[in-house]
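Undergrad:
Numbering (this note's numbering), first residue to last: 24 to 443.
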């Protein structure tokens, strides 16, 4: 049987990021094991998240400074929009965009400034999901735990048929087995073993009765490094809730519900801290402010729903990220209160002026050019109309009354008037 193999995601963008995360996670796992004798993937995820957000601190600071400067420049942006509110022609739209761009240059901010961190963080989250979904494929120290058991399985007569029964009865959804080569056989069996819910180990013992001892010891090791407060980070909350209900394990149900709930609450806290200093000058009538308010409401709800269906490990990354960002935000909010915005704006004005001069663009050149283009357009249009009228009059005068030419000119004149 050939099916889906989870071993290392092959996407061109997320794939390399996932492999890089795997190298870091493997290094963290080995460090914790060698120094503190701790084998725990959840702790590795938390440490990885701390490292990522420390490295992203300069970007976070830049984004926060952008938000403060955006507050200051918003009245000018609104004034420009109001100025061109009823002007929809191409020249006016071009001039409005140029004037708005000059305001952005004046304050030294980018139109993409508020999106950059999200654009960086989202692929990391998707890559982290791939790693957590199949940790053994990326963390070699974890994969080594399964190797002795897999060697025993492949040396059992008729193991292919037995593993197909295990796959069917264990409830490891979306996984496939590939027996084409020794490498694909070993990797796909590990994929199945890692993706099995807790009762899958009982199914494995029932089908490989001669391997009971090594199956039990491997299960204990896997449960240990995947454990977080009694919850397996390899399973999704929705699956854990289902298992807890079947086993009447209400503590497991409570723990599974807390993961998406904490994800939601930490997101709300993070957004509240982020908007403490940025909403003071925001206008309720401003379209951008309304869009941000909508996004700030929807993002926590999105995380609440999404974390129910992804492995708990991905939820841990999301929660840890929100907590770390909240701590960063408290520090940044205090710093932003003492930020000298006037000095920053003056410095950015000077930079923008030098940049335009370097490009050979003077202060009034853009608006002057636009006015010249407008006049030129109007002049050409009037001149063309006058030439057409003059030509029509000449033709009319040269045509004899009642002649075919006069009738043709009348038809032409009628068509021209109706096509204007």
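Cβ coordinates follow ideal geometry from the N, Cα and C atoms, glycine included.
Ends of the alpha helix (DSSP H) at residue 273?
TA: 273-297
Undergrad: Measuring only the C-alpha atoms, how far is residue 39 from residue 114?
TA: Those two C-alpha atoms are separated by around 45 Å.
Undergrad: Can you tell me whether DSSP reads residue 254 as helix, strand or coil?
TA: Strand at residue 254.
Undergrad: Reducing DSSP to helix, strand and coil, say where residue 32 ends up.
TA: coil
Undergrad: Along the chain, where does the alpha helix (DSSP H) that runs through residue 359 open and close?
TA: Counted as a single uninterrupted DSSP element, the alpha helix (DSSP H) harbouring residue 359 occupies residues 335-360.
Undergrad: Are the beta-carbon atoms belonging to residue 261 and residue 64 less than 9 Å from one another?
TA: no
Undergrad: Near residue 333, what residues of its chain come up, given a Cβ to Cβ distance below 7 Å and the 5 sequence neighbours on each side ignored?
TA: 152 and 259
Undergrad: Does the beta-carbon of residue 268 have 16 or more other beta-carbons within 10 angstroms, so that it is buried, or is it exposed?
TA: exposed
Undergrad: Using the C-alpha atoms, what's the distance from residue 285 back to residue 120?
TA: 43 Å
Undergrad: If contacts are defined as beta-carbon pairs under 8 Å, then residue 48 and residue 162 qualify, I think. What distance do you get, rounded to the angstrom?
TA: 5 Å
Undergrad: Less than 9 Å between the C-beta atoms of residue 173 and residue 212, yes or no?
TA: yes
Undergrad: Whole angstroms is fine: what's the gap from residue 277's alpha carbon to residue 254's?
TA: 10 Å
Undergrad: Check whether the Cβ of residue 362 sits closer than 8 Å to any heavy atom of the ligand GDP, and report yes or no.
TA: As presented, the structure is devoid of all ligands, the ligand GDP included, so that no description of it is given.
Undergrad: Tell me whether residue 403 is buried or exposed, calling it buried when 16 or more other Cβ atoms sit within 10 Å of its Cβ.
TA: For residue 403, the predicted structure reports a pLDDT of 42, less than 50, and the residue's modelled location is therefore unreliable. A value from the coordinates is still provided. The residue in question, residue 403, is exposed, as its Cβ has fewer than 16 Cβ neighbours within 10 Å.
Undergrad: Give every residue of the same chain whose Cβ lies closer than 7 Å to the Cβ of residue 298, excluding the five residues on either side of it in the sequence, and list them in chain order.
TA: 319
Undergrad: For residue 34, tell me which candidate among 251, 291 and 146 has the shortest Cα-Cα distance.
TA: Check the Cα spacing between residue 34 and each of 251, 291 and 146: the tightest is with 146.
Undergrad: Please name the residue, chosen from 264, 324, 263 and 265, that lies closest to residue 292 on a Cα-to-Cα basis.
TA: 324
Undergrad: Could I get the ranges of all uninterrupted alpha helix (DSSP H) runs contained in the segment 76-138, with 4 residues as the minimum, in chain order?
TA: 80-106 and 113-130
Undergrad: Determine the closest residue to residue 80 out of 344, 234 and 270, with distance taken between C-alpha atoms.
TA: With distances taken between CA atoms, residue 80 lies nearest to 344 out of 344, 234 and 270.
Undergrad: What does a CB cutoff of less than 6 Å around residue 355 pick up in its chain, not counting 5 residues either side in sequence?
TA: 87
Undergrad: Please report the Cβ distance between residue 248 and residue 62, rounded to the nearest whole angstrom; I am assuming they are in contact, meaning their Cβ atoms lie under 8 Å.
TA: 4 Å
Undergrad: With DSSP collapsed to three states, give me the class of residue 200.
TA: coil
Undergrad: Which residues in the same chain have their Cβ closer than 8 Å to the Cβ of residue 194, if we skip the five residues on either side of it in sequence?
TA: 219, 220, 222 and 223
Undergrad: Going by CA-CA distance only, name the one from 341, 273, 241 and 240 that's closest to residue 288.
TA: 341
Undergrad: How many Å lie between residue 31 and residue 209 at the Cα?
TA: 14 Å
Undergrad: Given this structure, state the Cα-to-Cα distance separating residue 380 from residue 125, to the nearest angstrom.
TA: 13 Å
Undergrad: Straight-line CA distance for residue 234 to residue 171?
TA: 11 Å
Undergrad: Residues in the same chain with beta-carbon distance under 6 Å from residue 41, minus the five sequence neighbours each way, listed in chain order, please.
TA: 32, 150, 153 and 154
Undergrad: What residue from 231, 207 and 239 has the CA that sits closest to residue 186's CA?
TA: 231
Undergrad: Let me confirm a value: residue 314 is counted as buried when at least 16 other C-beta atoms fall within 10 Å, else exposed. Which label applies?
TA: Exposed, by the Cβ-count rule.
Undergrad: Taking just the CA atoms, how far does residue 337 sit from residue 46?
TA: 17 Å
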